[in-house]
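Participant: I am attaching a structure below and will ask some questions about it afterwards.
There are 2 protein chains.
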Amino acid sequence: MHPLFEPQSVVLIGSSKIQEKVGMTSPQLFDGVIYNMLKFFRETTFVLDIARERDYMRLGDLPKIPDLGVIILPPRQSLEQLKKCAEMGVKAIVVITGGYKRQEREQLISLKREYGIRTLGPNTIMGVINTANGLNTTFERDLMPRKGNISVISQSGGVGACLLDWACFYNIGISKFAFMGDKIDINDVDLLRYLNEDSQTKVICLYMEGIENGREFIQVAKKVVETKPILVLKGGVTKEAAQRALSHTASIAGSDTVFDAALKKAGIIRVENGEELINSAVALAKQPPLRGDNIAIVSNVGGPAILAADAIVRNRLKLAVLSEKTRKEIENCYPGLEAVNPIDLIADARADRYSVVLDLVLSDPNVDGVMVINMLKSCFFELEDALTIAKVIDKHVGKPVVDVAAGGEDFTLVHRVLQDTNIPVYNLPEKAAKALKALRTYYKSIEKQFSAT
Amino acid sequence: MHPLFEPQSVVLIGSSKIQEKVGMTSPQLFDGVIYNMLKFFRETTFVLDIARERDYMRLGDLPKIPDLGVIILPPRQSLEQLKKCAEMGVKAIVVITGGYKRQEREQLISLKREYGIRTLGPNTIMGVINTANGLNTTFERDLMPRKGNISVISQSGGVGACLLDWACFYNIGISKFAFMGDKIDINDVDLLRYLNEDSQTKVICLYMEGIENGREFIQVAKKVVETKPILVLKGGVTKEAAQRALSHTASIAGSDTVFDAALKKAGIIRVENGEELINSAVALAKQPPLRGDNIAIVSNVGGPAILAADAIVRNRLKLAVLSEKTRKEIENCYPGLEAVNPIDLIADARADRYSVVLDLVLSDPNVDGVMVINMLKSCFFELEDALTIAKVIDKHVGKPVVDVAAGGEDFTLVHRVLQDTNIPVYNLPEKAAKALKALRTYYKSIEKQFSAT
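And the structure:
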């Protein structure tokens with residue numbers, strides 16, 4: 009699989025003339041991929057335009073044999089080029105475009121059998137991204153996430169594009185992106201195996217509509233989960249949508265109850281939508297697993313802390329009961345402040361009050377994790393305070409902390425300040441509670457793994 | 009109640025010297041309110057600083073009697089000033105600051121009894137906003153939402169501030185904002201009654217932690233719902249959080265099951281978090297109620313359309329079965345396109361294809377409402393296409409349409425283009441489905457009202 013993500017050289021094969029309605033082949037798309045590869049990829053990129061009769065560079069004329077071919081052509085031409093690539097020793101192919109009929113799919117598979125060449129796709133639309141070497145076969149110009157340790161596998165181009173857009177917009181650290189498309193060869197299991205070995209991947213996000221080799225997938229996933237959390241968003245959960253998924257990516261969904269039970273057994277964390285997928289992944293990438301249910305809420309606003317408390321309980325966590333010692337120490341430091349969880353630091357709290365209280369709360373054996381709420385609006389809290397708090401939290405290793413700056417501008421500002429720290433930030437207490445739940449679910453998975461061995 | 013939102017003149021009473029930990033009294037806060045009022049309020053604003061001995065302007069010296077007083081002082085000084093205001097004929101008071109003890113609350117109530125002066129608060133923190141006349145007693149400088157027809161009542165300053173921040177950041181049209189605080193006098197019922205008469209209010213959002221006069225509230229709400237939808241977010245739903253809400257705003261929550269049943273009976277729409285509150289309000293403000301369950305999904309991406317279909321079904325709506333006529337017409341126009349709901353227009357769809365299909369789908373008697381998904385990333389859709397689509401949709405009166413641009417940047421761009429149209433935009437299909445559900449719930453409420461009479 010390495011040639012897919014870590015090629016030494018790549019050849020982009022498309023046409024500056026062919027435009028097809030079905031399957032997305034177009035000069036515009038070809039140009040986009042060329043643009044991104046030349047801009048970001050730090051190894052060699054060759055470009056092969058099959059429409060330019062005169063300055064046509066035959067695959068055989070390339071100064072060296074590329075590890076990876078990226079094909080943006082209709083099925084017939086794709087297969088021709090793929091065969092040439094296979095013959096000359098190219099190790100893997102990304103087929104961006106779609107529209108393959110059954111017979112053409114079979115030809116693709118037989119090439120793999122004959123030459124050992126691996127194919128991602130067809131119909132991947134966006135292909136692959138590796139932030140480590142700048143590989144980016146998407147046609148969306150300049151859409152390159154920052155380096156990080158979250159990897160994403162998406163069966164759907166559209167859902168993958170949405171997740172990629174989300175990651176870029178919120179500056180979320182990404183390691184790899186793989187769009188599987190019709191996955192006639194390289195599939196979820198292959199990618200999971202690769203990402204398991206990939207030292208730059210810490211958390212794996214997966215969008216899937218169906219799974220063929222379910223048993224193998226669960227077996228491999230179970231192994232991966234021992235060291236790396238896997239999050240799954242599934243489309244086609246309801247009967248009505250599942251029927252449609254069948255024609256979308258030819259996925260057979262099966263019963264959701266069975267699927268859900270299988271995921272649980274493998275220790276996979278299931279999420280409900282794309283935002284929760286990314287939000288949970290960020291928490292898992294930045295914070296340790298949650299070793300117990302007891303959450304303390306430390307806030308400068310009362311109402312959002314009440315909503316946070318509701319969300320904690322609804323996500324089957326508990327409001328920590330502070331130890332008498334912690335309670336007394338807080339109340340000694342700040343007379344008039346009632347040190348009952350959720351702790352309302354009152355609207356004039358700045359970094360100093362947060363720091364003292366967080367230090368005490370994070371040292372309390374009754375507390376397993378903390379949700380910090382720091383609003384700017386209606387409060388005296390300043391942006392610089394957020395950074396100070398992040399440093400205090402960093403000293404307490406082993407207990408996860410998530411931050412809430414509820415609202416639109418408040419979130420944007422605090423997120424911008426904290427995005428380079430280890431503290432995940434959310435725009436609603438309800439979302440922060442779900443992130444804590446993911447940290448708890450992961451802890452339970454690995455705990456189970458350990459006790460089983 | 010008119011003096012609270014539509015005063016001809018307002019006096020701001022605070023101190024440039026008093027700084028108190030409890031209750032938020034501070035020169036900084038006083039300055040903020042003065043700044044906003046002088047900048048936005050289009051009628052007369054007087055400022056009375058009780059700390060400036062020399063140029064002290066006594067209330068009696070004001071050139072005319074203000075309708076509304078806004079007080080930013082500790083309890084003792086507040087009560088002194090409130091009494092003076094009451095004596096001279098000021099009709100309403102907003103008490104921004106908090107920290108009132110039982111005896112001081114009683115004094116406030118007795119002033120109402122003696123002089124008929126009405127009080128919002130104490131502890132409202134942010135007070136009131138009316139975008140029609142520029143009244144803005146919040147201390148957050150320049151935090152002024154655009155004019156519109158959504159009004160918000162919040163028991164909590166923090167939750168209200170979060171909603172206000174959200175509204176400002178996403179440029180959501182607001183009519184009134186009222187922060188109730190401890191609501192010792194003016195309460196939910198008074199505000200509902202006022203907003204019911206307010207021609208600029210079309211949708212009412214309410215954050216509450218508890219309700220004392222439950223029976224009256226439900227009775228009034230039921231009447232309001234006949235012409236204006238009411239959305240409720242409740243804090244303190246779980247036992248654990250409810251105990252805390254008791255000390256936060258002295259609210260007695262009671263059983264959530266009872267509360268929920270009462271809301272349903274009154275036709276109030278209950279939401280789960282602040283984002284859903286605003287999202288649903290925007291849908292109700294911009295689109296007609298949903299007359300039936302049958303939703304068509306029209307998308308340029310397959311995966312998000314599958315997730316949308318799941319979300320539609322999960323929200324107890326149905327995937328519309330297109331009539332044979334519609335199906336044939338679409339497939340005649342676009343051979344190769346399978347006109348099955350969710351309709352995948354394929355990634356190269358531009359405004360023309362969307363317009364033709366939306367025209368047909370919205371004319372189909374089998375369709376009650378539509379979710380449009382138009383992604384930019386991984387598609388050929390352009391921003392200008394969004395505007396064209398909005399015009400097509402506007403021609404079909406009576407059937408609600410919501411739009412999804414899934415992701416971070418995609419949402420931001422499409423939202424910016426569509427924010428001045430009637431089409432609400434969401435960043436995930438799951439959120440658009442919830443908005444449709446709110447439109448359906450409201451239709452069922454008014455239908456019930458009509459059939460009951």
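Here the protein sequences line up with chains A and B, keeping their order.
Residues 9 to 461 (our numbering) are what the first sequence spells out, left to right.
Residues 9 to 461 (our numbering) are what the second sequence spells out, left to right.
By construction, the Cβ of each residue, glycine as well, lies at the ideal position given by its N, Cα and C atoms.
Keep in mind that this is a model prediction, so the values were computed, not measured.
Using a Cβ cut-off of 8 Å, which residues of the region 264 to 283 of chain A contact any Cβ in chain B, in chain order?
Facilitator: Listed by position along the chain: E280, N281, G282, E283.
Participant: Ignore the nearest five residues each way along the sequence and tell me which others in D6 of chain A's own chain have a CB closer than 6 Å to its CB.
Facilitator: The displayed coordinates of chain A run from 9 to 461. Any statement about residue 6 of chain A would go beyond what the structure contains.
Participant: Taking the alpha carbon of A59 of chain B as the reference point, which residue from B:E346, B:S34, B:A274 has its own alpha carbon closest?
Facilitator: If you number the second sequence from 1, residue 59 of chain B lands on position 51. For the residues B:E346, B:S34, B:A274, the minimum Cα distance to A59 of chain B belongs to B:S34.
Participant: According to DSSP, D411 of chain B sits in a beta bridge with which residue or residues?
Facilitator: In the second sequence, counting from the first residue as 1, residue 411 of chain B sits at position 403. DSSP, once it has assigned bridges, lists B:V380, B:V433 as partnering D411 of chain B.
Participant: So, are the CB atoms of T127 of chain B and L116 of chain B less than 7 Å apart?
Facilitator: Taking the first residue of the second sequence as position 1, residue 127 of chain B is located at position 119. Taking the first residue of the second sequence as position 1, residue 116 of chain B is located at position 108. Against a cut-off of 7 Å, the Cβ pair of L116 of chain B and T127 of chain B comes out as a contact.
Participant: Residues in the region 162 to 179 of chain B with C-beta within 9 Å of chain A's C-beta atoms, listed in sequence order?
Facilitator: Listed by position along the chain: S162, Q163, S164, G165, G166, V167, G168, A169, C170, L171, L172, D173, W174, A175, C176, F177, Y178.
Participant: From D63 of chain A to P71 of chain A, what does the alpha carbon distance come to, in whole angstroms?
Facilitator: The sequence position of residue 63 of chain A within the first sequence is 55, counting from 1. The sequence position of residue 71 of chain A within the first sequence is 63, counting from 1. Per-residue confidence for D63 of chain A stands at a pLDDT of 49, beneath the threshold of 50, marking its modelled position as unreliable; no derived number is given.
Participant: For the alpha helix (DSSP H) that T265 of chain A lies in, which residues bound it at each end?
Facilitator: Position 257 of the first sequence holds residue 265 of chain A. T265 of chain A -> alpha helix (DSSP H) spans 264 to 274.
Participant: Rounded to whole angstroms, what's the CA-CA distance from L239 of chain B to H404 of chain A? Just pull it up for me.
Facilitator: Here the question's residue 239 of chain B lines up with position 231 in the second sequence. Here the question's residue 404 of chain A lines up with position 396 in the first sequence. Straight-line Cα distance between these residues: approximately 41 Å.
Participant: At 8 Å on the CB atoms, spell out the chain A contacts of S159 of chain B, in chain order.
Facilitator: Reading the second sequence from its first residue, position 151 is the one you call residue 159 of chain B. Chain A residues near S159 of chain B: none, gap ~18 Å exceeds 8 Å.
Participant: Is there a Cβ of chain B sitting closer than 7 Å to that of D63 of chain A, yes or no?
Facilitator: The residue labelled residue 63 of chain A in the question sits at position 55 within the first sequence. For D63 of chain A, the predicted structure reports a pLDDT of 49, less than 50, and the residue's modelled location is therefore unreliable. The matter cannot be settled from this model.
Participant: Hey, does T235 of chain A have any beta-carbon neighbour from chain B nearer than 7 Å?
Facilitator: Mapped onto the first sequence, residue 235 of chain A falls at position 227. Chain B, which has no Cβ nearer than 7 Å to the Cβ of T235 of chain A, makes this no.
Participant: Can you tell me which of the three DSSP states D428 of chain A falls into?
Facilitator: The residue labelled residue 428 of chain A in the question sits at position 420 within the first sequence. Of the three classes helix, strand and coil, the one that applies to D428 of chain A here is coil, per DSSP.
Participant: Would you check if there are 3 or more beta carbon pairs closer than 8 Å linking the region 348 to 364 of chain A to the region 260 to 280 of chain A?
Facilitator: As far as the Cβ criterion goes, the region 348 to 364 of chain A does not touch the region 260 to 280 of chain A, which means the pair count is below three.
Participant: In the DSSP assignment, the alpha helix (DSSP H) including D196 of chain A goes from what residue to what residue?
Facilitator: Within the first sequence, the letter at position 188 stands for residue 196 of chain A. Per DSSP, D196 of chain A belongs to the alpha helix (DSSP H) from 196 to 205.
Participant: Kindly indicate if chain A contains any beta-carbon less than 7 Å away from that of R84 of chain B.
Facilitator: Residue 84 of chain B sits at position 76 when you count from the first residue of the second sequence. For R84 of chain B, the answer is no, since every Cβ of chain A falls outside 7 Å of its Cβ.
Participant: Which stretch, first to last residue, makes up the beta strand (DSSP E) that contains T52 of chain B?
Facilitator: Position 44 of the second sequence holds residue 52 of chain B. From DSSP, the beta strand (DSSP E) with T52 of chain B extends over 52 to 57.
Participant: Could you spell out where the alpha helix (DSSP H) holding M96 of chain B opens and where it closes?
Facilitator: Stepping through the second sequence from its first residue, residue 96 of chain B is reached at position 88. Element bounds for M96 of chain B: 83 to 96.
Participant: Per the contact definition of three or more C-beta pairs closer than 8 Å, is the region 419 to 436 of chain A in contact with the region 389 to 406 of chain A?
Facilitator: Yes: at least three Cβ pairs fall under 8 Å.
Participant: Give the straight-line distance between the Cα atoms of A347 of chain B and E284 of chain B, rounded to the nearest whole angstrom.
Facilitator: Counted from its first residue, the second sequence places residue 347 of chain B at position 339. Counted from its first residue, the second sequence places residue 284 of chain B at position 276. Whole-angstrom Cα-Cα distance: 31 Å.
Participant: So what does DSSP say about L188 of chain B, is it helix, strand or coil?
Facilitator: Translated into the one-based positions of the second sequence, residue 188 of chain B becomes position 180. Note that residue 188 of chain B is Met in the sequence shown, not Leu. Here M188 of chain B sits in coil by DSSP.
Participant: Mind listing the chain B neighbours of P350 of chain A? Cutoff is C-beta to C-beta under 7 Å, in chain order.
Facilitator: Counted from its first residue, the first sequence places residue 350 of chain A at position 342. Near P350 of chain A (Cβ distances below 7 Å), the residues of chain B are R252.
Participant: Does the structure place the region 327 to 346 of chain A close enough to the region 262 to 274 of chain B that three or more beta carbon pairs sit under 8 Å?
Facilitator: Touching, no, given that fewer than three Cβ pairs across the two stretches are closer than 8 Å.
Participant: Quick one: measure Cβ to Cβ for G415 of chain A and C213 of chain B, integer angstroms, because I've assumed they're closer than 8 Å.
Facilitator: In the first sequence, residue 415 of chain A corresponds to position 407, counting from 1. In the second sequence, residue 213 of chain B corresponds to position 205, counting from 1. So it is not a contact: roughly 14 Å between Cβ atoms.
Participant: CA-CA distance, S162 of chain A and E51 of chain A?
Facilitator: In the first sequence, the residue the question calls residue 162 of chain A occupies position 154. In the first sequence, the residue the question calls residue 51 of chain A occupies position 43. Roughly 25 Å between the two C-alpha positions.
Participant: Using a Cβ-Cβ distance cut-off of 7 Å, determine whether A413 of chain B contacts chain A.
Facilitator: Residue mapping note: residue 413 of chain B aligns to position 405 of the second sequence, counting from 1. No, A413 of chain B lies away from the interface with chain A (no Cβ there is under 7 Å from its Cβ).
Participant: Quick one, are the C-beta atoms of G77 of chain A and V98 of chain A less than 7 Å apart?
Facilitator: Within the first sequence, residue 77 of chain A is the residue found at index 69, counting from 1. Within the first sequence, residue 98 of chain A is the residue found at index 90, counting from 1. Closer than 7 Å, so yes.
Participant: Express the C-alpha separation of N138 of chain A and Q27 of chain A in angstroms, rounding to a whole number.
Facilitator: Numbered from its first residue, the first sequence carries residue 27 of chain A at position 19. Numbered from its first residue, the first sequence carries residue 138 of chain A at position 130. Each residue's alpha carbon lies about 28 Å from the other.
Participant: According to DSSP, is R448 of chain A helix, strand or coil?
Facilitator: In the first sequence, counting from the first residue as 1, residue 448 of chain A sits at position 440. In the structure shown, R448 of chain A sits in a helix (DSSP, three-state: H, G or I).
Participant: Answer yes or no: does any C-beta atom of chain B fall closer than 7 Å to that of M134 of chain A?
Facilitator: Taking the first residue of the first sequence as position 1, residue 134 of chain A is located at position 126. Chain B, which has a Cβ nearer than 7 Å to the Cβ of M134 of chain A, makes this yes.
Participant: Can you list, in chain order, the residues of its chain with a C-beta nearer than 7 Å to that of G68 of chain B? Leave out the 5 residues immediately preceding and following it.
Facilitator: Indexing the second sequence from 1 puts residue 68 of chain B at position 60. So the qualifying residues of the chain are M96.
Participant: When you check each C-beta in the region 109 to 133 of chain B against every C-beta of chain A, which residues fall closer than 8 Å?
Facilitator: Cβ contacts with chain A: I133.
Participant: Near P437 of chain A, which residues of its chain fall below 6 Å by C-beta distance, leaving aside the five closest residues on each side in sequence?
Facilitator: In the first sequence, counting from the first residue as 1, residue 437 of chain A sits at position 429. Cβ neighbours of P437 of chain A beyond the five flanking positions: P312, L315, A316, A319, V412.
Participant: Out of A:I42, A:D190, A:V160, which has the shortest C-alpha to C-alpha gap to G55 of chain A?
Facilitator: Residue numbering aside, residue 55 of chain A sits at position 47 when the first sequence is read from its first letter. Before going further, note that residue 55 of chain A is Val rather than Gly in the sequence given. The shortest C-alpha separation from V55 of chain A is found at A:I42.
Participant: Could you say which of B:P432, B:V321, B:E148 lies nearest to G244 of chain A if we only look at CA atoms?
Facilitator: Taking the first residue of the first sequence as 1, we reach residue 244 of chain A at position 236. Looking at the Cα atoms, B:V321 is the closest of the given residues.
Participant: With a threshold of 16 other CB atoms inside 10 Å of the CB of S183 of chain B, please say whether the residue is buried or exposed.
Facilitator: Taking the second sequence and counting its residues from 1, one reaches residue 183 of chain B at position 175. Answer is buried; the Cβ neighbour count reaches 16.
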